[in-house]
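*Asks:*
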Amino acid sequence: MSLSHIVSIVTGGASGLGAATTRSIIQKGGRVIVADLREQYERYQELMMTTKSAAAEFVETNVTKEEQVMMALDVAEQKFGKPVNAAINCAGIVIGEKTIRTTTTTEKDGDNTCVTTPHSLSSFTKSLTVNTVGTFNVARLAAERMIKNSSNNNDVEGGCIINTSSIAAMDGQRGQVAYAASKAAIIGMTLPMARDLASHRIRVMTIAPGLFETPLLEELPDTVKKELSKHVPYPSRLGYPDEFANLVCSILLNPMLNGEVIRLDGALRMPPS
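Structural data, given as structure tokens:
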């Protein structure tokens, strides 16, 4: 299962699902531009110590900034001698907040006062900006570079774009309205983007992972993680980042996978809360 033909950009590629993807592509012979925030550089260095490979380069990248994404794509072409033919979007944020938050306070006279606060518009906007706009920004700019790969050869695939959604897009829980909306939008982009880019022999896929052992969940107590695992029918555990990475690699190698969303969740359907 060689990926020696792959020159990729992996956003959020220094930690979590992105780091597992970076490692897997390198191990299979591919090359990776790790596009991540400056504060993730130490994680990138740790990752490179385990892979012991020169087939990667870190480029400080905010996925919502056009010039930074273009710089990362330029570095890929300069370092590896050709434009990217794979773009894997793993960068994202999680914001938990209810549409309306209600708090009750007890006054000195014993009376209760109920205060309602609407969801912060700025946090909702931030979720959509990073998760949805950031994903689209990388996809559109990477696609522009991928066209070069197949423009002179009808037998060569231009490239493959793999975006990361979440089962929250379909099974969003209380407090996930911003996150679910941002991830549902990524699913909504999948088919029209695949149709837009088909004439350039560029494929577009989306993975919707369930509960995975990422840095966010690693901070939870073991008891909480055990409780979360019980909701997964089989295997009854959190997903391993390497399992996400394996799916990414399978998609890159299978040209008939296009315009589709794959749930990667052990048959999990999230309860309301």
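In this text, residue positions in the sequence shown follow my numbering: the first is 1, and each later residue adds one.
Backbone N, C-alpha and C fix where the C-beta goes; we use that ideal spot for every residue, glycine too.
1. Note down, one range per segment and in chain order, each alpha helix (DSSP H) of at least 4 residues found wholly within the stretch 158–234.
2. Please classify Ile88 as buried or exposed, where buried requires at least 16 neighbouring CB atoms within 10 angstroms.
3. Do the CB positions of Ile251 and Cys160 come within less than 8 Å of each other?
4. For Ser8, which residues does DSSP report across the bridge?
5. For a quick check, are the C-beta atoms of Ala142 and Leu73 less than 8 Å apart?
6. What distance in whole Å lies between the Cβ atoms of Thr21 and Val248, which are believed to be in contact at a cut-off of 8 Å?
7. Kindly list the residues whose CB is nearer than 7 Å to the CB of Phe80, restricted to its own chain and excluding five residues on each side of it in sequence; keep chain order.
8. Is Gly266 near Pro233, with beta carbons less than 8 Å apart?
9. How many whole angstroms separate the CB atoms of Ser15 and Arg43, which I take to be in contact at a CB cut-off of 8 Å?
10. On the premise that Ala35 lies in contact with Thr61, defined as a C-beta separation below 8 Å, what is that separation, rounded to the nearest angstrom?
11. Could you spell out the range, first to last residue, of the beta strand (DSSP E) harbouring Glu60?
12. Where does Asn258 fall in DSSP's three states?
13. Report yes or no: do three or more beta-carbon pairs, one from the stretch 201–208 and one from the stretch 257–266, lie closer than 8 Å?
14. Counting Cβ pairs closer than 8 Å, one from the stretch 126–133 and one from the stretch 175–192, do we hit at least three?
15. Over what stretch of residues does the alpha helix (DSSP H) that includes Asn101 continue unbroken?
16. Return the CA-CA distance between Gly18 and Thr106, expressed in angstroms with no decimal places.
17. Exposed or buried, Cys114, counting other C-beta atoms within 10 Å across all chains shown (16 or more means buried)?
18. Alpha carbon to alpha carbon, what distance is there between Phe124 and Lys82?
19. Would Gly175 pass as a contact of Glu213 if the rule is Cβ separation under 8 Å?
*Replies:* Inspection of the coordinates gives the following:
1. 168–171, 177–197, 215–218 and 222–229
2. buried
3. yes
4. Val32 and Ala86
5. yes
6. 5 Å
7. Val7 and Arg31
8. yes
9. 5 Å
10. 4 Å
11. Ala56 to Glu60
12. coil
13. yes
14. yes
15. Just to set this straight, residue 101 is Arg in the shown sequence, not Asn. First-last for Arg101: Ile100 to Thr106, but that is the beta strand (DSSP E), not the alpha helix (DSSP H).
16. 46 Å
17. exposed
18. 38 Å
19. no
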